[in-house]
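So the structure is just underneath, and the comments pick up after that.
Protein chains: 2
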Amino acid sequence: MNPGDRVRVDRADQTYEGVLLPSTTTENLVVKLDSGYNVGVDRDAADVEVLESDVYAVEDAQDTDGESEIEFDEDLPTISLISTGGTIASTVDYRTGAVTAQFDAEDVLRAVPDLAGRANYRGRVVANILSENMTPDVWQDLAHAVKEEIEAGADGVVVMHGTDTMQFTASALAFMLDTPVPIVFTGSQRSADRPSSDNVMNAVCAVEAAKDDCAEVLVCMHESESDDVCALHRGTRVRKNHTSRRDAFETVGSEPLGQVDYDAEEVTFNRDHVERGERELALADDLETDVDLVKFTPGTSPALLEAAADGAAGVVIEGTGLGHVNTDWIETIDELTDAGTAVVMTSQCLDGRVCDRVYDTGRDLLDAGVVEGEDMLPGTAKVKLMWALANAEDVAETMQEPLAGEITDRSVPWT
Amino acid sequence: MNPGDRVRVDRADQTYEGVLLPSTTTENLVVKLDSGYNVGVDRDAADVEVLESDVYAVEDAQDTDGESEIEFDEDLPTISLISTGGTIASTVDYRTGAVTAQFDAEDVLRAVPDLAGRANYRGRVVANILSENMTPDVWQDLAHAVKEEIEAGADGVVVMHGTDTMQFTASALAFMLDTPVPIVFTGSQRSADRPSSDNVMNAVCAVEAAKDDCAEVLVCMHESESDDVCALHRGTRVRKNHTSRRDAFETVGSEPLGQVDYDAEEVTFNRDHVERGERELALADDLETDVDLVKFTPGTSPALLEAAADGAAGVVIEGTGLGHVNTDWIETIDELTDAGTAVVMTSQCLDGRVCDRVYDTGRDLLDAGVVEGEDMLPGTAKVKLMWALANAEDVAETMQEPLAGEITDRSVPWT
Numbered sequence: 001m002n003p004g005d006r007v008r009v010d011r012a013d014q015t016y017e018g019v020l021l022p023s024t025t026t027e028n029l030v031v032k033l034d035s036g037y038n039v040g041v042d043r044d045a046a047d048v049e050v051l052e053s054d055v056y057a058v059e060d061a062q063d064t065d066g067e068s069e070i071e072f073d074e075d076l077p078t079i080s081l082i083s084t085g086g087t088i089a090s091t092v093d094y095r096t097g098a099v100t101a102q103f104d105a106e107d108v109l110r111a112v113p114d115l116a117g118r119a120n121y122r123g124r125v126v127a128n129i130l131s132e133n134m135t136p137d138v139w140q141d142l143a144h145a146v147k148e149e150i151e152a153g154a155d156g157v158v159v160m161h162g163t164d165t166m167q168f169t170a171s172a173l174a175f176m177l178d179t180p181v182p183i184v185f186t187g188s189q190r191s192a193d194r195p196s197s198d199n200v201m202n203a204v205c206a207v208e209a210a211k212d213d214c215a216e217v218l219v220c221m222h223e224s225e226s227d228d229v230c231a232l233h234r235g236t237r238v239r240k241n242h243t244s245r246r247d248a249f250e251t252v253g254s255e256p257l258g259q260v261d262y263d264a265e266e267v268t269f270n271r272d273h274v275e276r277g278e279r280e281l282a283l284a285d286d287l288e289t290d291v292d293l294v295k296f297t298p299g300t301s302p303a304l305l306e307a308a309a310d311g312a313a314g315v316v317i318e319g320t321g322l323g324h325v326n327t328d329w330i331e332t333i334d335e336l337t338d339a340g341t342a343v344v345m346t347s348q349c350l351d352g353r354v355c356d357r358v359y360d361t362g363r364d365l366l367d368a369g370v371v372e373g374e375d376m377l378p379g380t381a382k383v384k385l386m387w388a389l390a391n392a393e394d395v396a397e398t399m400q401e402p403l404a405g406e407i408t409d410r411s412v413p414w415t
Numbered sequence: 001m002n003p004g005d006r007v008r009v010d011r012a013d014q015t016y017e018g019v020l021l022p023s024t025t026t027e028n029l030v031v032k033l034d035s036g037y038n039v040g041v042d043r044d045a046a047d048v049e050v051l052e053s054d055v056y057a058v059e060d061a062q063d064t065d066g067e068s069e070i071e072f073d074e075d076l077p078t079i080s081l082i083s084t085g086g087t088i089a090s091t092v093d094y095r096t097g098a099v100t101a102q103f104d105a106e107d108v109l110r111a112v113p114d115l116a117g118r119a120n121y122r123g124r125v126v127a128n129i130l131s132e133n134m135t136p137d138v139w140q141d142l143a144h145a146v147k148e149e150i151e152a153g154a155d156g157v158v159v160m161h162g163t164d165t166m167q168f169t170a171s172a173l174a175f176m177l178d179t180p181v182p183i184v185f186t187g188s189q190r191s192a193d194r195p196s197s198d199n200v201m202n203a204v205c206a207v208e209a210a211k212d213d214c215a216e217v218l219v220c221m222h223e224s225e226s227d228d229v230c231a232l233h234r235g236t237r238v239r240k241n242h243t244s245r246r247d248a249f250e251t252v253g254s255e256p257l258g259q260v261d262y263d264a265e266e267v268t269f270n271r272d273h274v275e276r277g278e279r280e281l282a283l284a285d286d287l288e289t290d291v292d293l294v295k296f297t298p299g300t301s302p303a304l305l306e307a308a309a310d311g312a313a314g315v316v317i318e319g320t321g322l323g324h325v326n327t328d329w330i331e332t333i334d335e336l337t338d339a340g341t342a343v344v345m346t347s348q349c350l351d352g353r354v355c356d357r358v359y360d361t362g363r364d365l366l367d368a369g370v371v372e373g374e375d376m377l378p379g380t381a382k383v384k385l386m387w388a389l390a391n392a393e394d395v396a397e398t399m400q401e402p403l404a405g406e407i408t409d410r411s412v413p414w415t
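First to last, the sequence lines map onto chains A and B.
Just so you know, the UniProt record's numbering puts the end of the first sequence at 415, numbered straight through with nothing missing.
Just so you know, the UniProt record's numbering puts the end of the second sequence at 415, numbered straight through with nothing missing.
Structure follows, in structure tokens:
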């Protein structure tokens, strides 16, 4: 009896039939039912019969001998599934009651039977970390892996990622990679053992999006609390706006770029986007990681900014309103820019454009050498500044130029 | 010819009639037209006739002789207008093209003729600063002024405040004051000289709310881009979510507490709230201001937290998702709590509850002594922590207890 086996479980007055999940332990069986729900069963109290062994095998890109238990279907596109960890690649650890990351890409396919028949799959594990532990180093590893997968023939890439910092990693890939195929991030707000888990629908919709015609870095997550539609967000404009809801991800400042209808298997786009094949594959993966993000709030001394930016290559400030800080921060900012530190202003309002030409404070900030971050999300601005410092000739100019949809049109609504 | 005079201005082919505003300079006249729009006119190119002098005078609470040019109407409630500065109390400085704060409360009444006849007014200036320069000191001055105004007989208080940090000041007053009358913050996203200025409607709706039956600290701002309804938000749950839109302010996680219909002059509430007279007036204005807010983003070293929290009484972390940081922050947090620093976890998702019992990272954080900030907004949590450190017996317990609507119900949506 192994993960991937189809089993029948009898215990007391109930019978379950489904696929054994890798989260099975010596004490507990975890079975994915045909309904999509998972169930945990005390092994000692159950009778188990194996009906079919290893029903969902998958080609592993890291197998050099290329042996696959699933036949290649030349009528289907090839999608590369890259796992970095997170809830979508995890299940409950029954020993402790907590959730730990313990899947590789092949396991995810076993756990999501609905992926079968939609594509030929390549599987790859780049990391196995909760996304709060994601670092710029891993962004670079991931970018290399994605490039290699595309070079090896993937028609689209799905990246499974924890939801906490998905928007940062997606932004990093959007700046580092020019891609001829879709790169679709997806994750899960509820682990697979919960009846309300969103992992199946998100993974299926991400694969459908990766087969489609948008050669951008996207985030694919539930659009509402219903199990009907996933939204497709540009990686540079998306934000996790709720700690726990399945529809936590939102495009800031506009509707999502597109949608995937789960049942109809239909992908639609609401706006212009980069099309499949429009760009050549290219990677510029250098990052200057000595960049901080500092949020200004009332009562915060400029010492916090000094500590964050001391000797740093760059700092992003999350200011108030149109891009302001207390006047007592301006001298520190002036000193930083004089010393060659790039200081980029964004707004903790999150939506709307920074404009430091309206009020005295803003004009003093411009005099002190602040670069206006346009309407970039603060987190996206931090990632872009890491990239610009390592790759751009003119950092200030590059920060104000839209590269990957991170800056939207320049219309000013308040006239 | 003085501010407040009703004038007729002839220039070239146009004639304007309205009230002269205090932003008038030696070179420029600024006239509030009867339409509500303001117009600037080159003084040299215009003929001006004074039709009526000082049409909108107002009692000034700081006048010890109590002389008033407006008769007291005993059928109307008395509303105290307190000015702290910001766009609502400012107009364009025509010399520089920028906006500077230069009104006192009496000037605001002159600039907002529509306030006349709705209440007896007391006017008071506590500060004249752009709100990015607001500090805990001024919060305390303001709390004292509000208390004095209520003791002097105000049936409601309207605080005019810059929009950048209005939510922080409103939160501070909500924690410092028990109030038997409404305390309504309002401001303006567009200065009075712009055709689209929101200052008249916001001020009028704030006065209507201050006459009503909700003895809480509220924020009253445009609910949509239309000039029809202002939303009433709890000060502890509101956030400026757009840099420039007139409807920038939103209650996070629910509908606003109420609405004010501008034309109908009707105030309605959507939920239970503290009623007029339900609480005795009380002030607990001590604050421990050595509190910082630090936002965790990928790639940020724990050194930023060390710098923010070194020797501090408390620190609020804006973590990811359910309340996480990179594992390399946990040791620093452990050292901080051992040294007696209160460390409160909130989420940069902004909406939804922190829960550090789901994932390993969160449970390590709880072991390190982190206090879960429930579903408090990070900025509100910072203000509350300043207050709790100075006033609460058990800071951790107080941080998790709703005092002024800052924590909403404890239902967990992800089961």
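Cβ coordinates follow ideal geometry from the N, Cα and C atoms, glycine included.
Fill in: Ranges of the beta strand (DSSP E) found wholly within the stretch 139 to 222 of chain B, counting only runs of at least 3
156 to 160, 183 to 186, 217 to 222
Worksheet item: Is there at least one Cβ from chain B nearer than 9 Å to lysine 384/A's Cβ?
Response: no
Worksheet item: Under the rule that 16 or more other beta-carbon atoms within 10 Å means buried, what is aspartate 137/A, buried or exposed?
Response: exposed
Worksheet entry | Nearest candidate by alpha-carbon position, reference asparagine 133/B, set Asp155/A, Thr320/A, Thr186/A, Ala119/A | Thr320/A
Item to complete: For serine 244/A, count neighbouring Cβ atoms within 10 angstroms of its own Cβ and tell me buried if that reaches 16, exposed if not.
Response: buried
Practice prompt. Kindly say whether valine 99/A, judged by its beta-carbon, lies nearer than 9 Å to any beta-carbon of chain B.
Written response: Only weak support exists for where valine 99/A lies, its pLDDT of 48 falling under 50; the value from the coordinates is given anyway. For valine 99/A, the answer is yes, since a Cβ of chain B falls inside 9 Å of its Cβ.
Practice prompt. Kindly indicate if chain B contains any beta-carbon less than 9 Å away from that of arginine 245/A.
Written response: yes
Item to complete: Within its chain, find whatever has a CB closer than 7 Å to the CB of aspartate 356/A; leave out the 5 residues flanking it on each side and keep chain order.
Response: Leu322, Gly323, Met345, Gly362, Arg363, Leu365, Leu366, Val370, Glu372
Discussion item. Relative to the C-alpha of alanine 143/B, which candidate in Ala170/B, Glu17/B, Gly314/B, Thr297/B has its C-alpha closest?
Written reply: Ala170/B
Practice prompt. Give a yes or no on whether 9 Å exceeds the smallest Cβ distance from tyrosine 262/B to chain A.
Written response: no
Discussion item. Just verifying my parser: in three-state terms, what is the DSSP assignment at asparagine 28/B?
Written reply: strand
Discussion item. Check for me: the alpha helix (DSSP H) holding asparagine 391/B runs from which residue to which?
Written reply: 378 to 391
Item to complete: Please state whether DSSP places leucine 76/A in a helix, a strand or coil.
Response: coil
Practice prompt. Could you please tell me which residues of the stretch 143 to 176 of chain A, in chain order, have their CB closer than 7 Å to any CB of chain B?
Written response: Thr163, Asp164, Thr165, Phe168
Worksheet entry | According to DSSP, residues forming a beta bridge with alanine 231/A | Met221/A, Gln259/A
Practice prompt. Apply the 10 Å Cβ neighbour rule to valine 291/A and answer buried if 16 or more other Cβ atoms are within range, or exposed otherwise.
Written response: buried
Worksheet item: Regarding aspartate 286/B and the ligand SAM, is the C-beta to nearest heavy atom distance less than 8 Å?
Response: Ligands in the displayed structure: none, and consequently the ligand SAM is not present.
Discussion item. Please return the same chain residues whose Cβ sits closer than 7 Å to the Cβ of leucine 385/A, not counting the five positions on each side in sequence.
Written reply: Val291, Gly314, Val316, Ala342, Val344, Met399
Worksheet item: What residues from chain B crowd round histidine 324/A, counting only those whose CB sits closer than 7 Å?
Response: Glu132, Asp164
Item to complete: Return the chain-ordered ranges of every alpha helix (DSSP H) run that is complete within the UniProt domain "Asparaginase/glutaminase C-terminal" (290 to 398) of chain B and spans a minimum of 4 residues.
Response: 302 to 309, 330 to 338, 360 to 367, 378 to 391
Fill in: Straight-line Cα distance separating valine 39/B from glycine 85/B
22 Å
Worksheet entry | Among Asp13/A, Arg11/A, Pro77/A, Asp114/A, nearest to valine 19/A - alpha-carbon criterion | Asp114/A
Worksheet item: Counting along the chain, where does the beta strand (DSSP E) carrying valine 112/B start and finish?
Response: Per DSSP, valine 112/B belongs to no beta strand (DSSP E) and is neither H nor E.
Item to complete: Could you check how far apart the C-beta atoms of valine 252/B and arginine 237/B are, in whole angstroms? I think they sit under 8 Å.
Response: 6 Å
Worksheet item: So which residues of chain A does glutamate 318/B contact, with C-beta pairs closer than 8 Å?
Response: Lys295
Worksheet item: Can you find at least 3 beta carbon pairs, one from the stretch 201 to 216 of chain B and one from the stretch 181 to 190 of chain B, that sit closer than 8 Å?
Response: yes
Worksheet item: To which residues of the same chain is tryptophan 387/A closer than 7 Å at the C-beta, ignoring the five residues directly before and after it?
Response: Phe175, Met176, Leu287
Worksheet entry | Counterpart residues of glutamate 275/B in DSSP-defined beta bridges | Cys214/B
Worksheet item: Relative to the C-alpha of glutamate 234/B, which residue among Asp247/B, Val274/B, Phe296/B is closest?
Response: Glutamate is not the amino acid found at residue 234/B; the sequence shown has arginine there. Measuring from the Cα of arginine 234/B, the nearest candidate turns out to be Val274/B.
Worksheet item: When we look at the beta-carbon of aspartate 351/A and count the other beta-carbons within 10 Å, is it buried (16 or more) or exposed?
Response: buried
Worksheet item: At a CB-CB cut-off below 7 Å, which residues of chain A make contact with glutamate 135/B?
Response: In the sequence as displayed, the identity of residue 135/B is threonine instead of glutamate. In chain order: Pro298, Gly299.
Worksheet item: In terms of residues, what are the limits of the beta strand (DSSP E) holding leucine 51/A?
Response: 47 to 52
Worksheet entry | Interface partners of serine 347/B on chain A, CB under 8 Å | Thr243
Item to complete: Enumerate in chain order the residues of its own chain whose CB-to-CB distance from serine 196/B is below 8 Å, with the five nearest sequence positions on each side excluded.
Response: Arg190, Arg246
Discussion item. Can you tell me where the beta strand (DSSP E) holding asparagine 120/A begins and where it ends?
Written reply: 120 to 125
Item to complete: Could you have a look at arginine 43/B and say whether DSSP puts it in helix, strand or coil?
Response: helix
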